[in-house]
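Trainee: 178 is the number of the first residue of the sequence shown in the working numbering; add one for each residue after it.
Glycine included, every Cβ here is placed at the ideal spot set by N, Cα and C.
Model, not experiment: these values are computed from the prediction.
One structure, as structure tokens, below. Some questions next.
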Amino acid sequence: MIPEENVSTQNRPIANFEYLFQYDGFNDIRQRFMNTDEEGDSYDPDTDTKTSRYLNGSTLEFYYAKKTFKEHYSSMLNKQYGLSCKNIDNHYYELKDDVVIMNFFKSTLLLLDHLLTDVENSKDLNVYPENIAVLNKLIKFICIKYEPYIPNGLSEKKLGTDLNADKDDDQNDILKSTIEDYLEEFKDEINSDGYERLVGALSEYFAKGAFPVLNSKINFKKINKKRVGWALKELYKSEKIEDLDIEYFRFAKESINLFANEVIVTEGFNKSNFYKSFTTNPAK
């Protein structure tokens, strides 16, 4: 977890990465991963793997899951990347003056460049190539999406002269990575190839504005549907600033077994049980 005072915000969208790479945040996260104070937790230094105990909310039975630090850290970086991109977008939408916008992106890119130097010069940080990769991905996100506002010469310095090379592939990779980050916890809870089909359908929706027609439903195992609805809602909010789209719910009803019996009402939908299954935090 990133401390509250260091989280990414609209006014400081990469404060989280400043914390990680300038204020010893990486080592703090490393130490907390190895911590086994929670009952049922254990850590194996030979494989750098932590085993944690969780409670299944549906069966009320405990189960154990293993995760290497690299898996844990990569997942966290992906989440922080998505959060920073969202806050960069939100900050841009709030700004009206082109000069102010250009100054914002210039200062952000220069800070990212400084962070890259810090990572490259740190024997602890440069061991993990994910650190350099996520900073380069943020730089690329800014330079591609907001190219008209990037000062002359700065984008070439960061990305090389061919800014448009593989632009669509890069954006699709970023989107797929974001979707997988929100749905990763359900990967083993979906039968057959359902996980890949769900990621593919959501990728098409966020990229093109419409869902594909699936030949068969995506079947989850026994699981609290509010967990799935909440994750889908959080994913939506990370990609869009608009209210939840009714088509998002229609896709869930028609394509995901957990929501097959839900009803889409024409009036007061945001007060319906279906809507609440996406907006009620199951952890509370």
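1. Residues bridged to T355 by DSSP?
2. Do you know offhand how far S284's Cα is from T236's?
3. Per the DSSP calculation, S229 is bridged to which residue(s)?
4. With distances taken from CA atoms, which of G406, D205 and I418 is nearest N450?
5. Can you give me the start and stop residues for the alpha helix (DSSP H) that Y196 sits inside?
6. In terms of alpha-carbon separation, which member of Y241, K322, E297 and Q208 lies closest to G217?
7. Starting from the C-beta of D343, find all residues in its chain whose C-beta is less than 6 Å away, skip the five residues before and the five after it, and write them out in chain order.
8. Going by DSSP in three states, I452 sits in which element: helix, strand or coil?
9. According to the Cβ coordinates, are N378 and L360 closer than 9 Å?
10. Near S219, which residues of its chain fall below 8 Å by C-beta distance, leaving aside the five closest residues on each side in sequence?
11. Pairs of beta-carbons, one from the segment 247 to 256 and one from the segment 294 to 310, closer than 8 Å: are there three or more?
12. Assign F239 to buried or exposed, taking buried as 16 or more other Cβ atoms, counted over all protein chains shown, within 10 Å of its Cβ.
13. For the beta strand (DSSP E) that D221 lies in, which residues bound it at each end?
14. Would the beta-carbon of I265 fall within 9 Å of that of D290?
15. Cutting at 6 Å between CB atoms, please list the residues of its own chain near P389, excluding the five before and the five after it.
16. Does the Cβ of V296 have 16 or more other Cβ atoms within 10 Å, making it buried, or fewer, making it exposed?
17. Based on the DSSP output, what are the partners of F397 in its beta bridges?
18. Could you give the DSSP three-state label for I206: helix, strand or coil?
19. Compare the Cα-Cα distances from Y413 to each of V376, K448 and R189 and report the closest residue.
20. When burial is assigned at 16 or more other CB atoms within 10 Å of the CB, is Q208 buried or exposed?
21. Might you give, ordered along the chain, the residues of its own chain that have their beta carbon closer than 8 Å to the beta carbon of Q257, omitting 5 neighbours on each side?
22. Is DSSP giving I433 helix, strand or coil here?
23. Can you tell which of S299, F428, L254 and K410 has the C-alpha that lies nearest to the C-alpha of S454?
24. Check this for me: beta carbons of E191 and S261, under 9 Å apart or not?
25. Need the endpoints of the alpha helix (DSSP H) that A408 sits in, please.
26. Quick one: Cα of K243 to Cα of N280, how far?
27. With DSSP collapsed to three states, give me the class of T285.
28. Could you have a look at P459 and say whether DSSP puts it in helix, strand or coil?
Mentor: In brief:
1. Taking the first residue of the sequence shown as 1, we reach residue 355 at position 178. None; T355 has no bridge partner.
2. Here residue 284 refers to the residue found at position 107 of the sequence shown. Here residue 236 refers to the residue found at position 59 of the sequence shown. Distance between the alpha carbons of S284 and T236 is about 50 Å.
3. Against the sequence shown, residue 229 aligns to sequence position 52. Per DSSP, A242.
4. The residue you call residue 450 lines up with position 273 of the sequence shown. Of the listed residues, the one whose Cα sits closest to N450 is G406.
5. As a first step, residue 196 must be located in the sequence shown, where it is residue number 19. Residues A192 to Q199.
6. As a first step, residue 217 is located in the sequence shown; it is residue number 40 there, counting from the start. It is Y241 whose Cα lies nearest to the Cα of G217.
7. As a position in the sequence shown, residue 343 is number 166, starting the count at 1. Caution is warranted here: a pLDDT of 49 is assigned to D343, below 50, making its placement in the model unreliable, and no coordinate value can be reported.
8. Within the sequence shown, residue 452 is the residue found at index 275, counting from 1. Checking the displayed sequence, the identity of residue 452 turns out to be Tyr instead of Ile. Helix, per DSSP.
9. The sequence position of residue 378 within the sequence shown is 201, counting from 1. The sequence position of residue 360 within the sequence shown is 183, counting from 1. The residue you asked about is not Asn; residue 378 is Ala in the sequence shown. With respect to L360, A378 sits apart: the two C-beta atoms are not nearer than 9 Å.
10. Reading the sequence shown from its first residue, position 42 is the one you call residue 219. If we look at S219 and ignore the five residues flanking it on each side, its Cβ neighbours are T213, K227 and T228.
11. yes
12. On the sequence shown, residue 239 is found 62 positions in, with the first residue counted as 1. With fewer than 16 other CB atoms across the displayed protein chains lying within 10 angstroms of its CB, F239 is exposed.
13. Here the question's residue 221 lines up with position 44 in the sequence shown. It spans S219 to D221 - the beta strand (DSSP E) in which D221 sits, taken as one unbroken run.
14. Reading the sequence shown from its first residue, position 88 is the one you call residue 265. Reading the sequence shown from its first residue, position 113 is the one you call residue 290. No, these two residues do not count as a Cβ contact at 9 Å.
15. Position 212 of the sequence shown, counted from the first residue, corresponds to residue 389. Hits under 6 Å: A378 and E381.
16. Position 119 of the sequence shown, counting from 1, holds the residue named residue 296. Result: buried.
17. Translated into the one-based positions of the sequence shown, residue 397 becomes position 220. In the DSSP output, where bridge partners are listed per residue, F397 has I367.
18. Sequence index remark: in the sequence shown, residue 206 carries index 29 (1-based). Three-state DSSP puts I206 in a helix.
19. By one-based count along the sequence shown, residue 413 stands at place 236. Selected option, being the one with the closest Cα: V376.
20. For this step, residue 208 is matched to residue 31 along the sequence shown. So Q208 counts as exposed.
21. Translated into positions along the sequence shown, residue 257 becomes position 80. Excluding residues within five positions, the ones whose Cβ falls inside 8 Å are I179, S185, N193, F194, L197 and V311.
22. The sequence position of residue 433 within the sequence shown is 256, counting from 1. Reduced to three states, the DSSP call for I433 is strand.
23. Residue numbering aside, residue 454 sits at position 277 when the sequence shown is read from its first letter. It is K410 whose Cα lies nearest to the Cα of S454.
24. Your numbering for residue 191 matches position 14 in the sequence shown. Your numbering for residue 261 matches position 84 in the sequence shown. The sequence shown places Ile at residue 191, not Glu. Yes, Cβ-Cβ distance for I191 and S261 is below 9 Å.
25. Residue numbering aside, residue 408 sits at position 231 when the sequence shown is read from its first letter. Element bounds for A408: K402 to E416.
26. Against the sequence shown, residue 243 aligns to sequence position 66. Against the sequence shown, residue 280 aligns to sequence position 103. When rounded, the distance between both Cα atoms is 45 Å.
27. Here residue 285 refers to the residue found at position 108 of the sequence shown. It is helical.
28. Numbered from 1 along the sequence shown, position 282 holds the residue referred to as residue 459. It is coil, neither helix nor strand.
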